[in-house]
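For the sequence shown, full-length UniProt numbering begins at 1 and goes up steadily by one.
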Amino acid sequence: MSASTTANLRHDWSLAEVKALFVQPFNDLLFQAQTVHRAHFDANRVQVSTLLSIKTGACPEDCKYCPQSGHYNTGLDKEKLLEVQKVLEEAARAKAIGSTRFCMGAAWKHPSAKDMPYVLEMVKGVKAMGLETCMTLGRLDQDQTQALAQAGLDYYNHNLDTSPEFYGSIITTRTYSERLQTLAYVRDSGMKICSGGILGMGESLDDRANLLIQLANLPEHPESVPINMLVKVAGTPLENAEDVDPFDFIRMLAVARIMMPQSHVRLSAGREAMNEQMQALAFLAGANSIFYGDKLLTTANPQADKDMQLFARLGIQPEAREEHADEVHQAAIEQALVEQKSSEQFYNAAV
């Protein structure tokens, strides 16, 4: 990235400016967003990621939207941390269907000391396959962040979810400042940031604007900005929340694209409920990343073959990925499994 290009990125957005973007005529907003998008990306390429839940349920956080919270009875089966080998097998499967980034999510408030060695081996093994790596593990301290970076983690996902003003209505077990501190640790470690939010939790237009302001006014824009539409799950406090107007959702994508022109804007949770026409509008608005596969942690996602059919109809291609020889992949998996076994022996000896 050139110095002149970096200098053109803004980090001083005001609420009045952002609201003015939201309320302009829909066609004008999409034209502006598409113009910005084409200045920084191939308009017909979309980055493809796969998300795997490596530890499901019983999370101590009380996020009102989340079926994995231990505070709510959603009927979700609770699972322990997956074995490293199982994670690597899933990563290989994701690569085979065309994903270029493998994202691993654990339902934790923060990772424990005993789980970190296994998490690090997952990163090393997936990275060695030639996939980009991403994790979301909850709050991190500085040492954990450095360890993940040294293991080769490319992205850390830590969503802000909503505006600082509305946040306390959705989550009480973790503060907004704690989320921002984790993002600061991630950036200082050299890793890339994946951070976005959720629409449909009862937030106002000001809240949507202020979420984007928080992200765009960071010292560096997040490289990936997932925009989620609430998936309403029975048993959570938001199970009866009002539906998001589809055009309002597209406006959110477009404004995110304008404010963070070099970031990948991800069309994320809620895509299962979107028809093909809405998804096409999302790509026109500047969304250029999706989750690929039939599941997002614990909620449904369009099948991979349906995505490829839609891509073909729209003339869209997945972003290219770096290829490595199969022997390199196999050697990397074997090495990761050897390191996993060593970690297990060390842990068993310690306890």
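Cβ atoms here follow ideal geometry from the backbone N, Cα and C, with glycine treated the same way.
Pick from Ser-195, His-37, Val-233 that is closest to Cys-66, judged by C-alpha positions: Val-233
Ala-273 beta carbon less than 8 Å from that of Ala-254: no
8 Å Cβ cutoff met for Leu-212 and Val-23: no
Extent of the continuous alpha helix (DSSP H) to which Leu-19 belongs: Looking at the sequence provided, one finds Lys at residue 19 rather than Leu. Looking at the DSSP string, the run of the alpha helix (DSSP H) that includes Lys-19 is 15 to 23.
Inside the segment 220 to 263 only - alpha helix (DSSP H) runs reaching at least 4 residues: 246 to 259
Neighbour-count burial assignment, Asn-8, 16 or more Cβ in a 10 Å radius: exposed
C-beta neighbour in chain C for Asp-245, strict 8 Å: Absent from the structure is chain C; it holds one protein chain and no more.
Assigned exposure category for Gln-142 - 16 Cβ within 10 Å defines buried: exposed
Buried/exposed call for Phe-26, threshold 16 Cβ in 10 Å: exposed
Ala-33 classed as buried or exposed, judged by whether at least 16 other C-beta atoms fall within 10 angstroms: buried
Rounded distance between the beta-carbons of Ser-224 and Tyr-155, thought under 8 Å: 6 Å
Validate contact between the segment 147 to 163 and the segment 109 to 120 using beta carbons, cut 8 Å, 3 pairs: yes
Buried/exposed call for residue 367, threshold 16 Cβ in 10 Å: With the chain covering only 1 through 351, there is no way to say anything about residue 367.
Test item: CB-CB of Val-244 and Ala-269 under 8 Å: no
Local conformation of Arg-313 per DSSP, three classes: helix
Residues near Thr-136 by beta carbon distance below 6 Å, same chain, minus five either side: Gly-105, Asn-157
Spatially closest choice to Arg-251 from Ala-282, Glu-132, Pro-222, by CA coordinates: Ala-282
Simplified DSSP assignment, three categories, for Ser-53: strand
From Ile-170, Ala-312, Ala-209, Ser-189, residue whose alpha carbon lies closest to that of Lys-64: Ile-170
C-alpha gap between Cys-194 and Asn-159, whole angstroms: 7 Å
Environment of Lys-124 [buried if 16+ CB atoms lie within 10 Å]: buried
His-11 - DSSP class collapsed to helix/strand/coil: coil
Whether Gly-200 touches Thr-162 by CB criterion (8 Å): no
7 Å Cβ shell around Glu-90 - same chain, five flanking residues per side excluded: Leu-52
Residue from Leu-238, Met-260, Ala-20, Gly-130 whose Cα sits closest to the Cα of Phe-102: Gly-130
Three-state class that DSSP yields for Ala-280 in the structure shown: helix
Extent of the continuous beta strand (DSSP E) run through Arg-101: 101 to 106
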